[in-house]
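**Q** Numbering (this note's numbering), first residue to last: 86 to 195.
The beta-carbon is built from N, C-alpha and C at its ideal position, and this holds for glycine as well.
Here the structure is a predicted model, which is why all the values come from computation and not from measurement.
Could you have a look at this structure, given as structure tokens, before my questions?
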Amino acid sequence: MAPFKRQSKADFDRGQTQRRKILSLCHELGWTYPTHGGRVTVNFVALDGWMNKYSYLHKPLNYYTPAELPKLVTQFENMVAKELSGRDAQEVINERIERTLNDASDSLKK
Numbered sequence: 086m087a088p089f090k091r092q093s094k095a096d097f098d099r100g101q102t103q104r105r106k107i108l109s110l111c112h113e114l115g116w117t118y119p120t121h122g123g124r125v126t127v128n129f130v131a132l133d134g135w136m137n138k139y140s141y142l143h144k145p146l147n148y149y150t151p152a153e154l155p156k157l158v159t160q161f162e163n164m165v166a167k168e169l170s171g172r173d174a175q176e177v178i179n180e181r182i183e184r185t186l187n188d189a190s191d192s193l194k195k
């Protein structure tokens, strides 16, 4: 695989709002795990794996330029909509709570 072209800091900074939107959508998808401090953070291993395999340009999130990010945000929004379609919202919330509690329990056992 060819190395990805690095972008300037100014270009990277212009895309930060859209990258944060994608991280927010990762939370909605449940791609998270609890940290030792009791916070929940995005599972970047899962995100990077998905990005390399399925994202429309098959590259890591931080290598998307500001011009490329809107299409990626739409791709994530479509995934969230697909996950929620035809399902009761409360069912989805309960499933995510259960997953988070199980992850927290597993991390405490380690």
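1. Within this structure, are the beta carbons of residue 105 and residue 151 separated by less than 8 Å?
2. With distances taken from CA atoms, which of 117, 123 and 142 is nearest residue 158?
3. Between 135, 134 and 113, which has its C-alpha nearest residue 125's C-alpha?
4. By the three-class DSSP mapping on this structure, what secondary structure does residue 155 have?
5. Using alpha carbons as the reference points, say which of 95, 122, 161 and 156 lies closest to residue 116.
6. Using three-state DSSP, classify residue 117 as helix, strand or coil.
7. Spell out the partners DSSP gives residue 126 in its beta bridges.
8. Count the other CB atoms, across all protein chains shown, that sit within 10 Å of the CB of residue 107; report buried if there are 16 or more and exposed otherwise.
9. Specify the secondary structure class of residue 140 as computed by DSSP and reduced to three states.
10. For residue 137, collect the residues of the same chain with a Cβ closer than 8 Å to its Cβ; drop the 5 residues on either side in sequence, then sort them by chain order.
11. Report yes if the C-beta distance between residue 92 and residue 154 is below 8 Å; otherwise report no.
**A** On the basis of the supplied data:
1. For the purposes of this step, residue 105 is taken as residue 20 along the sequence shown, with counting starting at 1. For the purposes of this step, residue 151 is taken as residue 66 along the sequence shown, with counting starting at 1. Cβ atoms of residue 105 and residue 151: not closer than 8 Å.
2. As a position in the sequence shown, residue 158 is number 73, starting the count at 1. Checked all of 117, 123 and 142; the closest Cα to residue 158 is 142.
3. For the purposes of this step, residue 125 is taken as the residue at position 40 of the sequence shown. Closest option to residue 125, Cα to Cα, is 113.
4. Residue 155 sits at position 70 when you count from the first residue of the sequence shown. Correct three-state label for residue 155: helix.
5. Here the question's residue 116 lines up with position 31 in the sequence shown. The shortest Cα separation from residue 116 among 95, 122, 161 and 156 belongs to 161.
6. On the sequence shown, position 32 is the one that residue 117 refers to. Shown here, residue 117 sits in a strand according to DSSP, grouped into three states.
7. Within the sequence shown, numbered from 1, the residue matching residue 126 stands at position 41. Answer is 118.
8. Residue numbering aside, residue 107 sits at position 22 when the sequence shown is read from its first letter. The C-beta of residue 107 has 16 or more other C-beta atoms within 10 Å across all chains shown, which makes the residue buried.
9. Here the question's residue 140 lines up with position 55 in the sequence shown. DSSP places residue 140 in coil when its eight states are reduced to three.
10. As a working note, residue 137 is residue 52 in the sequence shown. Closer than 8 Å at the Cβ level, and outside the excluded window around residue 137, lie 143, 144 and 145.
11. To locate residue 92, count along the sequence shown from 1; it is residue 7. To locate residue 154, count along the sequence shown from 1; it is residue 69. Not in contact: residue 92 and residue 154 (Cβ atoms no closer than 8 Å).
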